[in-house]
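Here's the structure we're looking at; comments come further down.
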Amino acid sequence: MRIAYVFFGAFLAIAQSAYAEVASPPVLAPLKRQAQAAELSAQFLSRYSYKPVPLDDALSARIMDQFIKSLDPDRMLFLQTDIDKFMSGRSEIDDAIERKDLKIPFAIFNAYEQRVVDRMNYARSLLKQDFDFSAQENYSVLRDKAPWPQSKAESNELWRKRVKSDWLRLKLGGKNDAAIRETLDKRYENTLERAYKFKSDDVFQSFMDAYSTSIDPHTDYFGAAASADFNVSMKLSLFGIGAVLQERDDYTTIRELVPGGPAQLSGKLAVGDRITGVGQGKDGAIKEVVGTRLDEVVQMIRGKKDSVVRLDILPADAGADGTHRVISLVRDKISLDKQAARKTVLSVKAGDATRKIGIITLPVFYEDFEAKRKGDQDYKSASRDVAKLLDELKEEKVDSVLIDLRNNGGGSLDEAIDLTGLFIGNGPVVQQRGSDGKIEVKSAELAAPVWTGPMGVLINRGSASASEIFAAAIQDYGRGVIVGEPSFGKGTVQTVVDLDQIVRNSKPEFGELKVTIAQFFRVDGGTTQLHGVTPDISLPGLSDPTSFGETSYDNALPWAQIKPANYTPADTITTLLPTLQSRHDARVESNPDFQRLLKDIADLKAQREKGVVSLNESERRKEAAAREKRFKDRAEAGDGEDLGDDGLEAGERSLSADIAIENARKNAKDVLLDETVAILADEADLQEGVLKAATKESGNTNGK
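Throughout the sequence shown, residue numbering follows this note's numbering, covering 8 to 711 in sequence.
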């Protein structure tokens, strides 16, 4: 106990003297319920995780390292002296949690706030000077393993280069000095203001994130806000007004209106309108929300179905002193259809025939657990939605079906099993091994598959968990061709535990834990853990496997293998693969779009490995000219427009400009999807040839 208090007091002493010249943000302190939640989480995680990790000095050190990394990942804020002071409490976190004492992480976070304030004020002061862009200087963009600045002077030099880099990007984007100063001053001011808006729950969530991921990469803690967001992501619905909101210059701004939602149906709101106040019910007082955090405004606008919310609106085309209007909206259930399964159909030439390929894009394996538990016959379900889309594609007489799982990070295990059943009918899909070592085989139980024709799965590094279960099962059964890059490599299963229910707490205070409880294995006995799913036909990817994917975690579970399940694979895809691969190789070799993509990936990898950017204007202009020429060649070839780099960040452009860029990216040619569709067309062509040959052979045999 005494050591922790000495650490806390000593650190605050240096913090105050170091930042006497700037206004200090509010000092945040832990709440009693947070300390209780941390201690309760520790009890649960130490006993019931798949691989329980004792809360001891070793875990304490890992938590400390992870917490500091989460606050300052690029080592741009803290000094080495700060880190040295933090380290004096590195082995004390375990004891502090057990005695319900969170002073150490809160002291670190308060120091972090002070550093943000100090560095942003310094960055703004640099805008009063001019920069020499003829000097030969570099700025390091990869600092996660760099040494911490040893002194204030060294930190100042680091930030001088950071501001110079920001300035040069805007200059290369066509901005004059006055516009650059205004843009950067506002950017740094916004970061500064956020430091004054942090609350105790933010500190606790950050600390518990560090604790939970120190157990294993996929164990998480959900406070009230995080829990609500997780539930929304699985249900694909919420009760609100149906508006996508964005914070812009202290205003909560309408970014998008959800079709069919109360906001859109009312006709009273438009994109760009600003919400300056929120009132509850028909007569509730309207509370001003200018400058309020976006997440807090969102919570005020959400509410129970059929309840009334009143909004004070400053129209998009009105100045700051323009005329406001107050509108009333009745909250309703909003379906987040953008995250639901959707389909398109593309036609492509394969051999002498034109093939229709049905594409089903699935962003997440969603399932409304609560509605299902209550017996709602129409609960939201990814597999049921895909089944409907497959029926529609059969009506459209497509030749093959592609399930696009790129950047699908997973979701419901049951949905992955049911989705597999749509293509295999009945049979084992995944094996699950619990902490007790017992293995359970989980099977699809459809009487017959919904789709029996040719199919494939498109994956990338962002395809994880449930996506890998589905892709692995399709591959093991030989049911379809897997295309893309190796998947994420997450081979573990989690469940969500309500801490309040555990202690029979009548009101929600302690939050939830998403805890790893099992490891899953393919039906062939292997696991996707670390290795991921290796595609049958590989496509290039933009991600960096050293920083994204299971292999990037130093505490990931190792790869393992168990006995295969009892299943019957087909050899259809294995037989076709050599021909599919050779056709693919020949096609991409002569495809200019594909070759340009390979060049982009090579350039990105080279820049990533270089780790620095030049601060010399002439060098950067040469680089920009080469990049512009490449974009121009593409535009002339009909491959989208040049979005370039204007140096601006999200929210710094006009809303219409941001939306235009977003739409241009959405509408850009999807080279990898186009090639995958061509592969599936080849698959359909070859399978039809095999079927005709088998039919002919059967006829000859019968004739004999």
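Positions of the beta carbon are idealized from the N, C-alpha and C atoms, including for glycine. Every value quoted in this text rests on a predicted model; they were computed, and no experiment measured them.
Exposed is the label assigned to S589, since fewer than 16 other Cβ atoms lie within 10 Å of its Cβ. Looking at the DSSP output, K401 bridges to nothing. When C-beta atoms of the segment 281–297 are compared with those of the segment 223–237, fewer than three pairs fall below 8 Å, so the two segments do not count as touching. Taking a C-beta distance under 8 Å as the contact criterion, I431 and I367 do not qualify as a contact pair.
For the 8 Å CB-CB criterion, S407 and G491 do not form a contact.
The DSSP assignment places complete alpha helix (DSSP H) segments of no fewer than 4 residues inside the segment 233–305 at 269–273, in order along the chain. G469 has its alpha-carbon roughly 37 Å from the corresponding atom of D102. With contacts defined by Cβ atoms closer than 8 Å, I608 and P515 do not form a contacting pair.
As computed with DSSP, Y146 is found in a beta bridge with V620. Within a 10 Å sphere around the beta-carbon of R413 sit 16 or more other beta-carbons, which makes this residue buried. With a beta-carbon spacing of about 5 Å, P435 and V448 fall inside the 8 Å limit used to define contacts. Here I489 has V464, A478, Q482, P542 and D543 as same chain residues with Cβ atoms under 6 Å from its own Cβ, once five neighbours each way along the sequence are excluded. At a Cβ-Cβ threshold of 8 Å, I222 and S442 do not count as neighbours. If you ignore the 5 residues before and after L564, its C-beta comes within less than 6 Å of the C-beta of Q536, all in its own chain and listed in chain order. Here the segment 342–354 lies against the segment 390–398, with 3 or more beta-carbon pairs under 8 Å apart. In the DSSP assignment, I222 falls within the alpha helix (DSSP H) that extends over S207 to I222. Apart from the 5 residues on each side of it in sequence, S354 sits with its Cβ closer than 8 Å to the Cβ of T361, R362, K363 and I364 in its chain, given in chain order. Counting C-beta pairs closer than 8 Å gives three or more between the segment 77–89 and the segment 114–133, which meets the contact rule.
If you check the CB distance, V595 and E682 come in under 8 Å. As the crow flies, the alpha-carbon of N415 is around 15 Å from that of S388. Boundaries of the beta strand (DSSP E) around F528: E519 to F528. Per the coordinates, the alpha-carbon of T330 lies some 7 Å from the alpha-carbon of L321. Between E46 and K135, the gap from beta carbon to beta carbon reaches 8 Å or more. Counting along the chain, no beta strand (DSSP E) covers L175; the unbroken alpha helix (DSSP H) around it starts and ends at K159 to L179. Of all C-beta pairs linking the segment 676–692 to the segment 555–575, fewer than three are shorter than 8 Å, placing the two stretches out of contact. Considering only P493, G496, G518 and S513, the residue with the shortest C-alpha distance to V503 is G518. Distance between R40 and I100, taken at the CA atoms: about 17 Å. Taking all protein chains shown into account, N573 has fewer than 16 neighbouring C-beta atoms within 10 Å of its C-beta and is therefore exposed.
In the structure shown, E656 adopts coil according to DSSP, grouped into three states. Nearest C-alpha to Q439 among I476, G418, D173 and M462: I476. Counting along the chain, K356 sits inside the beta strand (DSSP E) bounded by residues R349 to A357. Between N433 and E452, the C-beta gap is smaller than 8 Å, which places the two residues in contact. For the pair V278 and M94, the Cα-to-Cα distance works out to about 49 Å. Residue burial is scored here from C-beta neighbours: V34 has fewer than 16 other C-beta atoms within 10 angstroms and is therefore classed as exposed.
Secondary structure at E492: coil, using DSSP grouped into helix, strand and coil.
Less than 8 Å divides the Cβ of V500 from the Cβ of F527.
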